Ligand code: AMP
């Protein structure tokens, strides 16, 4: 596997591959790779001739300095895992390479970036849009793979790609979970053993919401779920919302929308976990 730190080397390598007629699949990551990431590479391998990755902990998408500082970094293990996953090339730039000048781009995704993660992490999705667009320009992939784990992020990237007519197909991949239901996340390694035992409560409650869909009102179910989670002394729900799966608007009634998803962010000790589940 080729590992490049510069944009120039990455572009040169990929233009050669493209010249030979290869299709290129791309999986952007922030590293600390786990099985959830690797499932994206599996999907990319099936659809494309050449699979590429990026590892970049994007500082401008962190609204919390402490979170950026504590973000797990495992570069050596990551490179080994990418090699095993059949990745042909990894682009691993430093911050200077990606942002030689201060970033001034501003995106507005209307409602999509104002709610949930957008509301509680101001600037987060602007940082995501800036880095993903820049990575798309560098890699110029045929297809790019994103996890449903970051549901709102996926909707933002789909919207950006559509609105800017970027020549890339966005492929959504299912959330990989631990056997007890906890969504795999790079941040899970920061949980204490005690917290790790409590963490699966999040997915348990989301699954219970799915079972109770239409049996109660949307607001009743949201309130019930927040109460269930906050009953654990260690859990603190930041938001839990049942929303339209495309617009992310909260419908008043189950019949107001063709597809709904429940999204939540929960603090567990010093770690902030997000999860979601498509209800129908
Ligand atoms: P990250 O490194 O956290 O930026 O994630 C890189 C990509 O992996 C994003 O598209 C995530 O949505 C995806 N991802 C993270 N965790 C999971 C998971 N448990 N299952 C599936 N995809 C995931």
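In the numbering used here, the protein residues as written are 142 to 421. Cβ atoms here follow ideal geometry from the backbone N, Cα and C, with glycine treated the same way. Quantities reported herein were computed from a predicted structural model and do not represent experimental measurements.
Three-state secondary structure (DSSP) of residue i
i: residue 357; result: coil
i: residue 333; result: coil
i: residue 325; result: coil
i: residue 303; result: helix
i: residue 379; result: strand
i: residue 413; result: strand
i: residue 362; result: helix
i: residue 224; result: helix
i: residue 338; result: helix
i: residue 387; result: coil
Residues sharing a beta bridge with residue i, DSSP
i: residue 254; result: DSSP lists no partner for residue 254.
i: residue 405; result: 381 and 416
i: residue 143; result: 230
i: residue 312; result: 286
Spatially closest choice to residue i from the options, by CA coordinates
i: residue 171; options: 165, 232 and 150; result: 232
i: residue 277; options: 251, 301 and 260; result: 301
i: residue 143; options: 222, 206, 329 and 228; result: 228
i: residue 370; options: 385, 344 and 383; result: 344
i: residue 389; options: 417, 362 and 219; result: 417
i: residue 200; options: 238, 299 and 251; result: 238
i: residue 393; options: 249, 358 and 226; result: 358
i: residue 270; options: 244, 257, 256 and 261; result: 244
Residue i, buried or exposed, once every other Cβ within 10 Å from all chains shown has been counted against 16
i: residue 360; result: exposed
i: residue 167; result: buried
i: residue 305; result: exposed
i: residue 288; result: buried
i: residue 355; result: exposed
i: residue 321; result: exposed
Which runs of the alpha helix (DSSP H), 4 residues or longer, sit entirely within the segment 147-215? 148-160, 176-188 and 206-211
To test your reading of the DSSP string, which unbroken beta strand (DSSP E) runs of 3 or more residues are found completely within the segment 226-304? 230-232 and 284-288
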